[in-house]
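All remarks here apply to the structure that follows.
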């Protein structure tokens, strides 16, 4: 599992750190994968550049981490067994090479932010005032829609009109102090709403765009139970589109109980062509296949693959080791639901003595980190396990 880790060699060249990075060859080819490394000093993109093994400049973005800088870039066309190399060096004299500045863009629309990869719409973050919760829709890759269309787009035929709360990609839960945030409001049901209040951050660049949505989990009495901070990052990887989701929930009352239920939490409802019940494949990191085998079981990732308009494709949801209660359990169904749920032990184990709930004191927070990978072929052909290894180990540092 260590084959995908970045190793770093530091040398001094003319008094300036020349940072050399190596990505060891994976076990399978990766069309494109985001990689990052924390350099123990400030990096100035105006005076430094990242070069690949052929000496060609590579677009990168930076994030401050105290006195350090984290570099982000895309490793493309990574071949099995073949290492890749980069160098961060002082910018060469002469004309500055033309590199894309905002390849991944956030375009404001009515009640949504549209995400574009190199000018092509990929998805949109919806936050209408009357919606039960924010969601991503549509999600499109390889000239195809990857998630379900109903109920957001009722013009699409041949889709089952079940579970209207399954809105493409979303985050919610079915029991917070006994209030259901998973289901849509209905008579005689105690439901809540997840309300987008504002964006605290919007970033665009050649490697990724990021939005941060500040949210309130509001009960039927209009009282706020949880404060949510949802960070969504979209990478410039049209070869296999990738979304990172980081959700931090903070208790807004003296005591908030996240109960034990199967209804939750990080959800994806896939295109009908990817469903197990229509011939698709449902698999996980533990080599379990099908709903009966993997429902409620812990795993690093879970994948649904099938055929959409004649092309083999799939979507995987990955759990990060730093995520609360990693590895998560899975509320994954043959009808097309893929949901990570770390709390539903009583349901998943079918044991009334179990209690997977969690109580938060006011101001106490929990964080969940997930990665969504859209790929061609099935989970093996899409190298889902390799994607998880690169992502899960991205925090490796040099001595």
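In our numbering, the protein residues as written are 1036 to 1434. For every residue, glycine included, the Cβ atom is placed at its ideal position computed from N, Cα and C.
At a Cβ-Cβ threshold of 8 Å, residue 1303 and residue 1393 do not count as neighbours. The alpha carbon of residue 1263 has as its nearest neighbour, out of 1379, 1208, 1143, the alpha carbon of 1208. With fewer than 16 neighbouring CB atoms inside 10 Å of its own CB, residue 1100 falls in the exposed class. Spatial neighbours of residue 1238 in its own chain (CB-CB distance under 7 Å, excluding positions within 5 residues in sequence) are listed in chain order as 1244, 1245. For residue 1368 against residue 1383, the beta-carbon gap comes to about 13 Å, at or over 8 Å, which does not count as contact.
Contact between the segment 1182 to 1191 and the segment 1116 to 1128 is not established, with fewer than three Cβ pairs separated by less than 8 Å. Boundaries cannot be given for residue 1378, as no alpha helix (DSSP H) includes it and DSSP labels it neither H nor E. Ranked by Cα distance from residue 1258, the first of 1226, 1336, 1234 is 1226. Scanning its chain for C-beta atoms nearer than 6 Å, with the 5 sequence neighbours on each side dropped, one finds around residue 1319 the residues 1329, 1334, 1337, in chain order.
Taking 8 Å as the cut-off, the beta carbon of residue 1242 is found no closer than this to the beta carbon of residue 1072. DSSP lists 1280, 1354 as the beta-bridge partner residues of residue 1405. Residue 1093 holds the alpha-carbon nearest to the alpha-carbon of residue 1080 among 1184, 1400, 1093. For residue 1155, the secondary structure class from DSSP, reduced to helix, strand or coil, is strand. The segment 1271 to 1285 makes contact with the segment 1147 to 1164; the number of CB pairs closer than 8 Å reaches 3 or more. Look at residue 1427 here: in three-state DSSP terms it is helix. By the beta-carbon neighbour count (other beta carbons within 10 angstroms, threshold 16), residue 1212 is buried. Residues of the same chain with a CB within less than 6 Å of the CB of residue 1324, apart from the 5 flanking positions on each side, are 1318 in chain order. Sixteen is the threshold: when 16 or more other Cβ atoms of the shown chains lie within 10 Å of the Cβ of residue 1265, as they do, the residue is buried. If you look at residue 1329, you'll find it isn't in any beta strand (DSSP E); it sits in the alpha helix (DSSP H) that goes 1326 to 1329. Residue 1384 carries a coil assignment under DSSP once its states are collapsed to helix, strand and coil. Linking residue 1283 to residue 1350 through their CA atoms gives a straight-line distance of about 23 Å. Only residues of its own chain outside the window of five on either side were considered, and among them 1247, 1249 have a CB closer than 6 Å to the CB of residue 1235, listed in chain order. Residue environment for residue 1223: exposed (fewer than 16 other C-beta atoms within 10 angstroms of its C-beta). Per DSSP, the continuous beta strand (DSSP E) segment holding residue 1319 begins and ends at 1316 to 1319.
Per DSSP, reduced to three states, the secondary structure at residue 1306 is coil, with no helix or strand assignment. Just so you know, the alpha carbons of residue 1139 and residue 1361 end up roughly 30 Å apart. Annotated as proximal: residue 1348 and residue 1411, with beta-carbon spacing under 8 Å. For the options 1359, 1309, 1322, the alpha carbon positioned closest to that of residue 1344 is the one of 1309. A straight line joining the alpha-carbon of residue 1388 with that of residue 1381 spans about 7 Å. Residue state for residue 1419 is assigned as helix, using DSSP reduced to three classes. Residue 1251 places its beta carbon 8 Å or farther from that of residue 1379. Between residue 1058 and residue 1074, the CB-CB gap reaches or exceeds 8 Å. Of the residues assessed, residue 1076 falls on the exposed side of the cut-off, its CB having fewer than 16 other CB atoms within 10 angstroms.
Distances from the alpha-carbon of residue 1117 to those of 1169, 1182, 1064 put 1064 closest. Residue state for residue 1296 is assigned as coil, using DSSP reduced to three classes. Sequence-distant partners of residue 1311 (beyond 5 residues in either direction) whose C-beta falls short of 7 Å from its own C-beta, in its chain, are 1317, 1325, 1326, 1369.
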